[in-house]
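Inspection log for the structure reproduced underneath, given as structure tokens.
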Amino acid sequence: TAMGISRDSFHKRRKTGGKLTKWRKKRKFELGRPPSMTKIGATRIHTVRARGGNLKYRALRLDAGNFSWPSESVTKKCRVLNVVYNASNNELVRTNTLVKGGIIEIDSTPFRQWYEQHYGVKIGKKKEDEKSTTDVKKSNHVLRKQKANGLNHTLAREMDLQFIK
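Quick note: to get my numbering, add 619 to the position in the sequence shown (first position is 1).
This is the structure:
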């Protein structure tokens, strides 16, 4: 039999525990490919020809991604800093490998800037830093809009702490 990654089920046993006999060779449509093991770094994407002449894009290195803040209904492109936790394998954390379901650390600046512009409130600042900032002059319209946005809105203390780095 030819070696290679295969997505068939002929190598498995029957429900009763009996062995399945090979009744054909491996087929092209049962083909599997090695994992991309995406790392953090300057973007490097390879194209892979798939069935029907379609193309798949295999990310070998990525440095940014699209991240959402569901409670605020906002999505921003942010830099990926590092992999913090992965339930499936600690090796993926050590090697900074990006996979689905992994917990990663991102640069929060785009979200912080959006929050400040939307609500007119600075987040992620320590108490000493607040005195040193200079206020930017805003129009009455912007002030009214920010006041309306923040009318019945509070940010959880835990979320505020996430922005301090």
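All C-beta atoms, glycine included, are put in the ideal place defined by N, C-alpha and C.
For clarity, every value in this text was computed on a predicted model and none was experimentally measured.
In this chain, the alpha helix (DSSP H) harbouring E735 covers 728-738. Rounded to whole angstroms, D779 and M656 show a C-alpha spacing of 33 Å.
Here R763 carries a helix assignment [DSSP, helix/strand/coil].
Within the same chain, Cβ atoms closer than 6 Å to the Cβ of F782 are found at S727, R731, I742, G743, the five residues on either side in sequence being excluded. Nearest C-alpha to I659 among G651, T635, L679: L679.
In its chain, beyond the 5 residues on either side, Q765, N768, G769, H772 have a beta carbon closer than 8 Å to the beta carbon of Y738. One alpha carbon belongs to I722, the other to G637, and they sit about 41 Å apart.
With respect to the 8 Å criterion, K645 and S628 are not classified as neighbours on the basis of their beta carbons.
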